[in-house]
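Just add 475 to the spot in the sequence shown (first one is 1) and you have the numbering used here. Beta carbons are placed, not taken as given, at the ideal position from N, Cα and C, and that holds for glycine. Reviewing the structure listed below.
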Amino acid sequence: MPSLAAMPKAPVPVAELVKQVDIPYQSFTLDNGLRVIVHTDRKAPVVAVSVWYHIGSKDEPAGKTGFAHLFEHLMFNGSENANEDFFKPLESVGATDVNGTTWFDRTNYFETVPTGALDLALFLESDRMGHLVGAIDKAKLDNQRGVVQNEKRQGDNEPYGLVEYAQLAALFPEGHPYRHSTIGSMSDLDAASLDDVKTWFRSHYGPNNAVLVLAGDVDVATARAKVTKWFGDIPRGPETPRAAVTIPTLKAPVDQVMKDRVAQTRIYRNWVVPGLNDPDLIPLDLGMDILGGLASSRLDNALVRKDKTAVSVTAGVQQFEKMSLVEVTADVKPGVDAAKVAAELDRLIADYIRTGPTADEVQRAATRQVAGEISGLETVGGFSGKAVTLAEGAVYSNDPEKYKKDLAAAAAATPQTIKAALQKWLMRPAFRLTVEPGERTEQDMAIAGGAAKGSPEGGSMAPRYYRSPRLEGGAAAPAISMTHRPTAAVDRSSPPPVEAINDLTFPAIERTTLSNGIPVVFARRTTVPTLRISVSFDAGHAADPKEKLGTQGLTLALLDEGAGKRDSIALAEAQERLGAQIASSATMDRTNVSMFALKANLAPSLDLLADVIQRPTFAPAEIERLRNQVLAGIAAENAQPRGIARRIMPSLLYGKLHPYGVPMSGSGTEEGVKAVTRTDLLAFHDRWLRPDNARIFVTGDTTLAELKPLLEARFGSWAKPAAPKGEKQFRMDRMARPARIVLVDRPQSPQSYILAGELLPTRGVDDPLDLVTANEVVGGSFLSRLNMDLRENKGWAYGAFTQAQMLRETMPLYVIAPVQTDKTGASIAAAIADMKEFLTTKGVTEEERDRTINNQIRSLPGSFETSGDLLGALISLDTLGRPDDYYEKLPARYRAMKASDLDAAARKAIRPDDLIWIVVGDAAKVEPQLKDLGLPVEKVQVGQ
């Protein structure tokens, strides 16, 4: 590849980008039918282990709905020869990305482990594949039924939480395999006997119904020997029958109106289309991106930018094995007639189907998809890494290289092929759902059968996770209930020993300075031909002007809505042509304007970044449009339990005058956002987003010698403005903030969201490593005291945990526990008791110390796998004033820690009696439970 300086400014053709996407692999099949795929990637001493069972909720017969999801839970509860929580041994070896998911077509389990722990991971996975039934007892079955109920309540409590059930009921006829939700029917689960459950496992979880992918620091010879050893003696299982799946077509459009506690009316349009192996799927997918997925999409330009009648729009295809779902949404701007927006939405869709896309739109959509695939090549495992790509192809298409065919199809797509697919599938009748603000009706709640689990994201279908990455509280499973003797040909009497796991080798950090004084911090990562760049400013939510909270959020939202000579649409289109993505974000301490760029398109991508940062236009029309979007976002926060609590807590802890006493989202207040003027935005930009307050961080596939001239040409002559640089004043007032309960009334909530907080006597710059490590034991990890009590022992929560938030100045401690409504008061009492016990009579045990320390040390090599991980680490080091060798010196610091050190740090800092509690829930049901806690209760309304 030519040097960066010699690269042309024209975007690289999509067909050339496709050639950069390659996941070499070798495969073999054991005699018992287990398919094994091996991809070697030596960039880090870790291996991703991904096991995919070709069984999902669509394969469940009548009366057995929810079984696949239930088994996802049960298979974390221990097997015959490893009959303890699955997370326990994996946490001790430093595994990362440990989880499992169930959806319509599959159940999968995955973890990324240090290379020396590969045998342990294979032992655990093979034991639950071949030796699970003897470890399932009624206690585990009953426990996991309760966990699923709390998982359901947590999702039910989200805005738009019942939409999926309405969609499935309207789009699919009775008896269709895809008609019922993955979480299933609680009545079916409640009726399941132990024999039913064991029969289900024996029928579907054999090696011949599974694919195992190993990706990372392993070769095929090693993989063959280890996989044969651990899986080779497992007998084949029965063949899973596959029901015929039709693509249903509605006889006529179906209209439905649903009420929910939402901030904005949302309009849905849905169609059922073919599965992911149909040749029409790639054209449909690109077509939906052009309609409502791209930043410059048809619907964005028409409804959000031009008419300003919607605050957001989406369009996409959710792809499944035997069918897929097209979904188009529009969130109506408050005060606008939703019926008129719906009519215009339908007109725009019909016009688009009739005329099709332009060649430029197709090129932009295809470039974005390919750029996303290239970015994904950095990760070996997890939710979307290379192991997942290979496994999906093998399971659904019997072709691990299905991704290559899909990308080639995207590169070959034309306006004509996309138009033909749109006309074939989207001229059929649609399901037309409107969700309006209001109280949920009995009819809407009944459609979920009392066992609905709304989507964590609110209204979009998603797989069911063992511990959701989107919701707080997903955690580990119960401890040992009984032990069984090994019956396998291989010795399973004890877990295999873990081989040597080397400490982290952190990439070299290089530095330079531009001619105007901007420091540049660089770390090379050559895995994929991409770069990640962040221009970081010492600002953050803490810099938001108190008199007009939301100024920073609105400023950042406007940066890429017009800059230099490009308006909002032109800027979005330019990024899409280059496969670049520019985004602005902020933490409490820092403000970052970041970019993902393809190496081949770096120079023109940097031109865009320089315009966005240095020359935003703040066009008056765009200000008003984005102001309405930010206000809609604040309203959405106030419609969601978590959002409500996170808006309130900082001001209760710090006071409203402290820099940290602002909503955690950084969105500001409704009054502040309404009051911001263009002059305020320009002034904020001049005070904070300026060269003498900036640092540039870069990771990726280049060298500092190549990079510096490109940065110098675009940022080296950036002059600081005449206005003085902003300063943050971190002074605590003398106001007393006694412990109390703030009860936020949210009627019809099936669950209470609990958030407690207190200020710790330490700052992030003090590097309180002992305290942060102790927090892992009390509430920070999956196996923590708090979670094991509230989730596993009592069954009152889907998960509960604590967080010592790493801020530069005074740090807070948070306790987070979404719990079932009737156990709200008891959960607060239990959490206080757990913490007091931890701080007095039952401190850190040696087993907890060893497991926690081992996890912290051994997980480090897998924690910086991607250039994005590395970029975040560089910014964190700078924010907290830590040396370049900080991460490499961590293992020695961890090993020196004693259990008594952790106890001392926790007992010095954590004061359970001083916690301020926020409870968001149904006050009529919750308030009586709080009377015996000995804390004053202050009842408020949402937004108060």
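Asked, Found
"Alpha carbon of D1064 to alpha carbon of L1349, nearest angstrom", "14 Å"
"CB-CB length for G538 against D663, believed under 8 Å", "6 Å"
"Where H514 falls: helix, strand or coil (DSSP)", "strand"
"Cβ pair count under 8 Å reaching 3, the region 815-834 against the region 977-988", "no"
"Proximal residues to E1251 (C-beta, below 6 Å), its chain only, five neighbours per side dropped", "T1327"
"Buried or exposed by the 16-neighbour rule on C-beta atoms within 10 Å, applied to N977", "exposed"
"Buried versus exposed, by CB contacts within 10 Å (16 or more), T587", "buried"
"T571 vs S1338 beta-carbon contact at 8 Å", "yes"
"For V748: DSSP bridge partner residues", "S799"
"Coil, strand or helix - F1071 by DSSP", "strand"
"Coarse secondary structure for T854, derived from DSSP in three states", "coil"
"Among E1284, T582, S554, nearest to A610 - alpha-carbon criterion", "S554"
"DSSP bridge partner residues for S502 (one or two, in chain order)", "I512"
"Segments of 4+ residues assigned as alpha helix (DSSP H) that fall wholly inside the region 1136-1169", "1145-1150, 1153-1163"
"In DSSP terms, what R939 is bridged to", "T577"
"Reduced DSSP category for W1193 - H, G, I as helix; E, B as strand; rest coil", "coil"
"Spatial neighbours of L1186 in its chain, beta-carbon cut-off 7 Å, leaving aside the 5 residues before and after", "L989, V995, I1171"
"Per DSSP, the bridge partner or partners of S1059", "V1068"
"Contact between the region 676-689 and the region 602-609 (3+ Cβ pairs under 8 Å)", "yes"
"Whole beta strand (DSSP E) elements within the region 669-745, 3-residue minimum", "685-691, 729-735"
"Same chain only: Cβ atoms within 8 Å of A1379, ignoring 5 sequence neighbours per side", "D1245"
"W900, DSSP secondary structure in three states", "helix"
"Classification of K861 by the beta-carbon crowding that lies within 10 angstroms, buried from 16 upward", "buried"
"Cβ-based burial, G569 [other Cβ within 10 Å; buried from 16]", "buried"
"Residues that R1472 bridges to, as DSSP identifies them", "Because the chain spans 476 through 1419 in this model, residue 1472 falls outside it and cannot be assessed."
"Per DSSP, cross-strand counterpart(s) of N632", "According to DSSP, which records beta bridges pairwise, N632 is partnered with nothing at all."
"Option in D708, N583, V496 with minimal Cα separation from I530", "N583"
"Supposed close pair F731, V807 - CB separation, criterion 8 Å", "With the sequence shown as reference, residue 731 is identified as Gln, and Phe is not the correct amino acid for it. Between V807 and Q731 the Cβ distance is about 16 Å, and since that is not below 8 Å, they are no contact."
"Minimum C-alpha distance to L1179 - residue among R1117, G1143, R986", "R986"
"Per-residue burial, Q1226 [other beta carbons within 10 Å of its own, 16 or more giving buried]", "buried"
"Validate contact between the region 1014-1025 and the region 735-755 using beta carbons, cut 8 Å, 3 pairs", "no"
"Stretch pair the region 1314-1326 + the region 1153-1162: three plus CB contacts closer than 8 Å", "no"
"Backbone CA spacing between T1144 and I922 [nearest angstrom]", "36 Å"
"Beta-carbon gap between V686 and A869 smaller than 8 Å", "yes"
"Buried versus exposed call for K1131 [16 or more other C-beta atoms within 10 Å across all chains shown]", "exposed"
"A785 - DSSP class collapsed to helix/strand/coil", "strand"
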